[in-house]
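Q:
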Amino acid sequence: MVDDVKSELRQKWSKLVVDLFNGAVPEKAEWTRPEDMAAVLNAIASPVNHLFYPEGGGNDIRAARITTKGELEWSVEHDGLDRFVHVGIPLKLTFWSPGPYDHEAHFLLELGALDPVGEPVTHGGYAQELTELRDGTFAPRSVWDEEDNEGARLVVRYTQAGRFVIFGKGSLYNSFRDKKFDAYDAYHNDAAAFEAIVTEMAKIKV
């Protein structure tokens, strides 16, 4: 049963990738224009994707957009971009399908650092979690928990540059765990180790 679910997830992820590239999937592709990066993220924003953070942990991307300030916002909840977002400076989005099998095809998102706005940096030193008020100003995270927060958003602002990776949920990278490897520990922060393990995983027929 588990294998059937994983197989279905892999098929859905593969279709998303194929559709993104109009049937001609390259080994690698790269986007640096912010609007293009957001468009790609929206194209793969479905329940079959999973994003891993540079501070550890992960979540699914539901929607993305570029603000008038040129910042990238993305949502990980069904409420969308008007309630809870992550924000950073978009630098580059890279696609890589190492092969010979396509189940480890993934996207690497690189963000630059935003300027801090006064609150302590949390999230492993990578980000500030704040309440953005209706007028665009920021307040402490605790304000979000108050009853009168109409028009406010919960915002995670990345104040340190970081790497994020997005895999299909049927991938080995998303599923495999042992004493030396856990994707939720931000394994992808080590570029060389990440490339090596994904290359090996892509050789495994599943």
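Here the sequence shown stands for residues 442 to 647, where the numbers follow my numbering.
Glycine is no exception: its CB is placed at the ideal position from the N, C-alpha and C atoms.
(1) List the DSSP bridge partners of Pro-531.
(2) Indicate the three-state DSSP secondary structure (helix, strand or coil) for Leu-522 in the structure shown.
(3) With distance defined between alpha-carbon atoms, name the residue in Gly-603, Asp-460, Gln-601, Thr-572 nearest to Ala-593.
(4) Roughly how far, in whole angstroms, is the beta-carbon of Gly-603 from the beta-carbon of Leu-555, given that I think they are within contact range, below 8 Å?
(5) Within 10 Å of its beta-carbon, does Ala-465 have 16 or more other beta-carbons around it, so buried, or fewer, so exposed?
(6) Considering only residues of the same chain and omitting the five flanking positions on each side of Val-517, which have a CB-CB separation below 8 Å?
(7) Is it buried or exposed for Ile-645, if we count other Cβ within 10 angstroms and need 16 for buried?
(8) Which residues mark the beginning and the end of the beta strand (DSSP E) in which Glu-667 is found?
(9) Sorted by chain position, which residues of the same chain lie with C-beta nearer than 6 Å to Ile-485's C-beta, five sequence neighbours on each side aside?
(10) Who are the Cβ neighbours of Asp-444 in its own chain at under 6 Å, not counting the five residues just before and after it?
(11) How about Phe-605 and Leu-522: do their beta carbons lie closer than 8 Å?
(12) My assumption, with CB atoms under 8 Å, is that Ala-505 sits in contact with Ala-479. Please give the rounded CB distance.
(13) Taking DSSP's pairing of strands, which residues face Ala-504 in a bridge?
A: Reading it off the structure:
(1) Note: Pro-531 sits in a beta bridge opposite Leu-552.
(2) In the three-state reduction of the DSSP assignment, Leu-522 falls in the coil class.
(3) Cα-wise, what sits closest to Ala-593 is Thr-572.
(4) At roughly 11 Å, the Cβ-Cβ gap does not stay under 8 Å, so Gly-603 and Leu-555 are not in contact.
(5) Its Cβ having fewer than 16 others within 10 Å, Ala-465 is exposed.
(6) If you ignore the 5 residues before and after Val-517, its C-beta comes within less than 8 Å of the C-beta of Leu-492, Asn-500, Asp-501, Ile-502, Arg-503, Phe-525, His-527, all in its own chain and listed in chain order.
(7) It counts as exposed.
(8) In the structure as shown, the chain starts at 442 and stops at 647, and residue 667 therefore has no counterpart that could be examined.
(9) The beta carbon of Ile-485 is closer than 6 Å to those of Leu-457 in its chain, skipping five residues each way along the sequence.
(10) Once the five neighbours on either side are set aside, Asp-444 has no close Cβ partner at all.
(11) No; because the gap between Cβ atoms is not below 8 Å, this pair is not in contact.
(12) That belief holds up - the Cβ atoms of Ala-505 and Ala-479 are roughly 5 Å apart, short of 8 Å.
(13) Beta-bridge partners assigned by DSSP to Ala-504: Ser-516.
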